[in-house]
Each structure stands twice: as structure tokens, then as C-alpha cells.
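Following this note's numbering from start to finish, the sequence shown increments by one per residue and tops out at 501.
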Amino acid sequence: MTSTPSALKTSYNQLFINGRWQTGSAGQEDVISPSTEKTVGSAPVGGIADLEQALAAARTAFDRGPWADESRDTRANLMQRLFDRIIRRREEALGLMQLEMGFTRMQCDMQLELLFTQMTKFIEVARKDPLKSLKMITAPQPDGTRSFGGAVTTRDPIGVVSAITPYNSGFLLGLMKAVPAMAAGNTVVLKPSPFTPLQTMLIAELVAELDLPPGVFNIVTGGPDVGQMMSSDPRVDMVTFTGSDAVGAQVMAQASPTLKKVHLELGGKSPLIIRQDADMEKAVMAGLFGFVFQAGQGCSMTTRMLVDNRVRADFVAALVSTVGALKVGDPYDPQTFMGPLIREAARARTEDFCRRALDEGASLMLGGKRPAGLDKGFFFEPTIFDNVTNDSYLGQREVFGPIAAVIGFDSDAEAIRLANESDYGLGGAIISSDRGTAFEMALKMRTGQIQINMGPGGFHPDMPFGGYKRSGLGREWGEEGFNEYTELKSIGFPAG
Numbered sequence: 006m007t008s009t010p011s012a013l014k015t016s017y018n019q020l021f022i023n024g025r026w027q028t029g030s031a032g033q034e035d036v037i038s039p040s041t042e043k044t045v046g047s048a049p050v051g052g053i054a055d056l057e058q059a060l061a062a063a064r065t066a067f068d069r070g071p072w073a074d075e076s077r078d079t080r081a082n083l084m085q086r087l088f089d090r091i092i093r094r095r096e097e098a099l100g101l102m103q104l105e106m107g108f109t110r111m112q113c114d115m116q117l118e119l120l121f122t123q124m125t126k127f128i129e130v131a132r133k134d135p136l137k138s139l140k141m142i143t144a145p146q147p148d149g150t151r152s153f154g155g156a157v158t159t160r161d162p163i164g165v166v167s168a169i170t171p172y173n174s175g176f177l178l179g180l181m182k183a184v185p186a187m188a189a190g191n192t193v194v195l196k197p198s199p200f201t202p203l204q205t206m207l208i209a210e211l212v213a214e215l216d217l218p219p220g221v222f223n224i225v226t227g228g229p230d231v232g233q234m235m236s237s238d239p240r241v242d243m244v245t246f247t248g249s250d251a252v253g254a255q256v257m258a259q260a261s262p263t264l265k266k267v268h269l270e271l272g273g274k275s276p277l278i279i280r281q282d283a284d285m286e287k288a289v290m291a292g293l294f295g296f297v298f299q300a301g302q303g304c305s306m307t308t309r310m311l312v313d314n315r316v317r318a319d320f321v322a323a324l325v326s327t328v329g330a331l332k333v334g335d336p337y338d339p340q341t342f343m344g345p346l347i348r349e350a351a352r353a354r355t356e357d358f359c360r361r362a363l364d365e366g367a368s369l370m371l372g373g374k375r376p377a378g379l380d381k382g383f384f385f386e387p388t389i390f391d392n393v394t395n396d397s398y399l400g401q402r403e404v405f406g407p408i409a410a411v412i413g414f415d416s417d418a419e420a421i422r423l424a425n426e427s428d429y430g431l432g433g434a435i436i437s438s439d440r441g442t443a444f445e446m447a448l449k450m451r452t453g454q455i456q457i458n459m460g461p462g463g464f465h466p467d468m469p470f471g472g473y474k475r476s477g478l479g480r481e482w483g484e485e486g487f488n489e490y491t492e493l494k495s496i497g498f499p500a501g
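Okay, here's the thing in C-alpha cells:
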């Protein structure tokens, strides 16, 4: 395995709370590389005492500090300075992302490109005047006259925001949550996954250079006890969480006694519909990225592949041939397409899905085991099952590993029915030469974001992201994502 870049800072021993670096109350914890299983760094572990300080600082900074009352341009300018610093330290961010997550450089680069697109949009929205005029109205009065008046709406910051991020995109989502929240005038307490703390500590370094008012931005690491308090504490006005639907349900339950806003981006079992008229090369590429990208560790991966039975055999053969030629291994090797899973538990879960799929009668077409010659690292072969039924365990449950489930259909109506027969509704895709029919099908799909023929060709800055059903509450990305961190206020008044 290629070694860690020597210039990379891989050890932190302090948390960032109330504008200062301070030692965590629960000691240090090793950071493990999923590629080698070796210790590659260390990070501070926070506890309840640290979170108590962070929440108190964030609450005070919002209620009594200048941040919420700063001009929109002032906050936007500070976020632009943060953006500039991220660009300057891009290589460090990429290095830590690869080190902790085990993704290839290309995959980490794509996360940063998404981040840059959205930060640009958030800064643009932050500068906009939120005041909007509503129509003027007349209304009858008791004296027989008619009043004449109007109204406006505006947006205020919510308050203290708890942000909890997953291991598969700690740098990306840490900033995708903190930047719009802070730009809108909120204060933030950010908690990363225990598996990927280093890239989040880099965020703290970058923010520390801005000299924000104390308490505006805080980072606390830790375990479930810290996460529970971030969701339940009455000083928190909003909790934003990205992760599994099971933990998302816990976050909702913990937040419910205080009736705080809950913003959730959760799991998915997203469908990829391949019609008979699909361009096969494009269909195979969509299928490949739908389950091999990031070793399947993505919430909106289109791992449930609904394929017209008239082209299903050709699609499966082409997908098996293409995926089978991909290199699995060292994420630092430019020839590698897929790295490891995050930990042994994730690999064991993936293996369990394979066993269940075989027990339920699915046909294993590729993979299904650990790669030969990779004795260290949490690697698993890209795996393709055909003849999967939509109501099976594999057809319905999120794997979060590199397994594709191919399900046949005989009509567009059946494809839509199968796509919608899911507890999730986060992503989706359609490959078809008939773009009009594909668009009409997309309108019938109960899912939050759909890409037709691989989408617009890049990250669309105005395209919101979020789910139906068990895939979450609220939206990220674009102006809608920014506005999640605000409260809408209306003010009525008489004319004249």
C-alpha cells in the first residue's frame, strides 16, 4: 500500500470550543486507515463536559453576540474567506479524506467539486435581501370603508444548530451544514463521525483563521452520549443529521420533547430504471457508479437496478464485464477504482447481505467475497446479483456496500410501481432515449432527486437534495438548502 503523504497533519489533541483550542475531556483515540487497518493518526475525544461548554458558548454567541445582527455581506464575506482557505489547502483536505475514508482521489475530488459548487451558491444566497413584498389587499371595515394594506416576508436565523455528520463525507457535509447555517446568522456545534475526525479538525483550523466571534463555530467529537445531548438539549434550536434512517429516528425521538427543528438526510435504496431503448453504454456507466463509487458507501446510490426484461441479460453481461475489469485496492494507486469499506463491521454486514440474497434465490453474477491478495484492509469485491425480487431483503434494505440488485420489469408502469415500492425515497435515475417519456416517469417517482440520462453533466447549484419517506426531512443544496437554516417571518401593515 502507498504510504500516507508525509506532509499531512494526522494528529490533533484539542477540540475547538468558544473560539479556542482546548483539550478534550475523554482523552485521545487512534484513527485507523480502512485501507491498511493501521493506526495513521489520533484525535481528541470529547465528552458531555466539552459539549456543555460548546452549547453554552453557542447559545451565548447567538443570544448576546454580534453574529446574528451582522450584515449579510459581512457574514458572506467571511464565508468567502473560508472558501478561499479551503481552496488553498485543498491537497491537505484530499489527503485526510483519502486517509480516513479510503476513497480514491477521483472520488474525493468529486466531493470537493460538489462542495465548491454549493459554497458558491450559499454565499450568493447569503448576500440576497430576504425581504419579499406580498400583494396589496383591501378588506371591509366595520364603518363601511375598506382598508388598504400589504405584507412582507423575511427570514431570520433559527439559533443554535447541532450538526452531526457521517463517516463517508465528513469534510464535505461538515461544511455543507456549517456554512449555510453560519451565513444565515446561526451558531453551530459540529460533531463528526468517530471514524473520520481528522478532516473535521481541519475545518476547525480553517475557521479559526477567520477570527469569528467566540462561540459561533464549535467542534466536539465523541460517542452516542454526545450525539444524544446534541439532539435533546433545549439550548439547541435545530439539529441537522446525515446518516442511517435508524439513527435518524433516534434523533427525532430525542429532539421531540423540545420541539426543535429536525433536518434529516438519511438512507436510501434508490432505483435506476433502464428502459428498453436505453443507450447500453450509458446504462452500464450509470449502473457502475450506482454501486461501486465509494465502495457503495453513499446514501443516494442507485443500487436497485430496475431493467426492462428485453435488455436485462445484455445489461447484466455488460455490467459484469465492465465492473469485473475494475481494480479494487490501494486508494492511492491511480489505477484503483474502488477502495475499502470503512470498518470490519461494514464488511461483515455486506457479506451478510450476500448470504441472504443467495438464500432468497438471487443469482450471484459477480463478486460476493473478499478480494484475493488483499489481506489487510476492509476490502470487498463489487458484487452483482440478478433475479432479485423487489420485496426481498436485498431489494428493500440499504446495504451501504458495493452490491447491485438487478430486478426485471415488463412495462413502464411496472417500473414505476417497483421504484415506489420502497420505504425510502432519496435518489433515482432513468436511462432512456425517449427523454419525454423519461421525464413523465420521473414525475411519478416518489423520490427527492432524479437524474435522467446521467443528469445535467455536472453539479447543478440550484438543484436541492433530500428525501421522501424514511429518507429524511428537509432539503440540502441550493437556496432551499440554505433556507432550512432560517425561520420565515411575515409582517403585515396598512398602506400610507
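Even for Gly, the Cβ is constructed at its ideal location relative to N, Cα and C.
If I follow the unbroken beta strand (DSSP E) through residue i, where does it start and stop?
i    : result
Q58  : Counting along the chain, Q58 falls outside any beta strand (DSSP E), though it belongs to the alpha helix (DSSP H) covering I53 to D68.
T442 : Careful: T442 lies outside any beta strand (DSSP E), inside the alpha helix (DSSP H) at R440 to K449.
M243 : M243 to T247
M370 : S368 to L371
T263 : Counting along the chain, T263 falls outside any beta strand (DSSP E), and DSSP gives it neither H nor E.
T158 : R151 to P162
N223 : F222 to I224
L343 : The question names Leu, but residue 343 is Met in the sequence shown. Counting along the chain, the beta strand (DSSP E) containing M343 begins and ends at T341 to M343.
Using 8 Å for Cβ pairs, my map puts residue i next to residue j. What's the rounded Cβ distance?
i    : j    : result
N223 : A353 : At roughly 35 Å, the Cβ-Cβ gap does not stay under 8 Å, so N223 and A353 are not in contact.
L371 : G430 : Not confirmed; about 28 Å, so no contact.
T125 : P469 : Contact flag wrong, Cβ pair sits at about 16 Å.
Q123 : W482 : 6 Å
Y17  : A54  : So it is not a contact: roughly 18 Å between Cβ atoms.
L271 : D250 : 4 Å
R480 : N458 : At roughly 23 Å, the Cβ-Cβ gap does not stay under 8 Å, so R480 and N458 are not in contact.
M181 : L120 : 7 Å
P218 : V297 : Actually they do not touch by this definition, with Cβ atoms about 44 Å apart.
V244 : S152 : About 42 Å separates the two Cβ atoms, so there is no contact after all.
L448 : T158 : L448 to T158, Cβ: 29 Å. No contact.
S437 : D282 : 6 Å
Alpha carbons only, please: which of the options is nearest the one belonging to residue i?
i    : options                   : result
I435 : G295, F176 and V333       : G295
F385 : F358, E365 and Y398       : F358
R172 : G248, V241, D114 and K137 : Going by the sequence as given, residue 172 is Tyr instead of Arg. With distances taken between Cα atoms, Y172 lies closest to G248.
L191 : T65, G292, N314 and R440  : First, the residue type needs correcting, since residue 191 is Asn and not Leu in the sequence shown. Nearest C-alpha to N191: T65.
N23  : M187, G29 and A59         : A59
E57  : R240, P336 and T44        : R240
G303 : L177, R315 and R317       : L177
A318 : E426, G472 and V411       : V411
G471 : D114, F444 and F246       : F246
I128 : K474, A183 and R475       : A183
M111 : P461, P336 and I455       : P336
S427 : P376, I389, E365 and Q401 : Q401
T308 : K274, P339 and M257       : K274
Would you mind stating whether residue i and residue j have Cβ atoms separated by less than 9 Å?
i    : j    : result
A98  : Q259 : no
K266 : I142 : no
A409 : M343 : no
G154 : P499 : yes
V194 : V165 : yes
S368 : D391 : yes
G453 : G486 : no
D383 : G100 : Asp is not the amino acid found at residue 383; the sequence shown has Phe there. No.
V225 : L20  : yes
T15  : V50  : no
Alpha carbon to alpha carbon, how far is residue j from residue i? Give it in angstroms, no decimals.
i    : j    : result
A209 : P202 : 11 Å
M3   : L139 : The requested residue 3 is not part of the displayed model; the chain covers only 6 to 501.
G373 : A362 : 10 Å
A424 : S174 : 26 Å
E118 : I92  : 10 Å
G406 : L346 : 7 Å
P39  : F200 : 9 Å
G497 : N488 : 21 Å
K43  : D35  : 9 Å
Q233 : G32  : 20 Å
R132 : A81  : 6 Å
P71  : A323 : 59 Å
D148 : M84  : 54 Å
K332 : S76  : 51 Å
I421 : G462 : 24 Å
G227 : M235 : 11 Å
On the DSSP letters alone, give me the boundaries of the alpha helix (DSSP H) that residue i sits inside.
i    : result
T357 : Note on residue identity: the sequence assigns Asp, not Thr, to residue 357. Per DSSP, D357 belongs to the alpha helix (DSSP H) from E349 to D364.
D417 : D417 to N425
V321 : N314 to G329
D266 : The sequence given here has Lys at residue 266, not Asp. K266 -> not in any alpha helix (DSSP H); beta strand (DSSP E) instead, spanning K266 to E270.
L177 : G175 to A188
K126 : R110 to R132
I208 : P202 to A213
Report yes or no: is there a C-beta of chain C within less than 9 Å of the C-beta of residue i?
i    : result
N173 : Of the protein chains in this structure there is only one, and it is not chain C.
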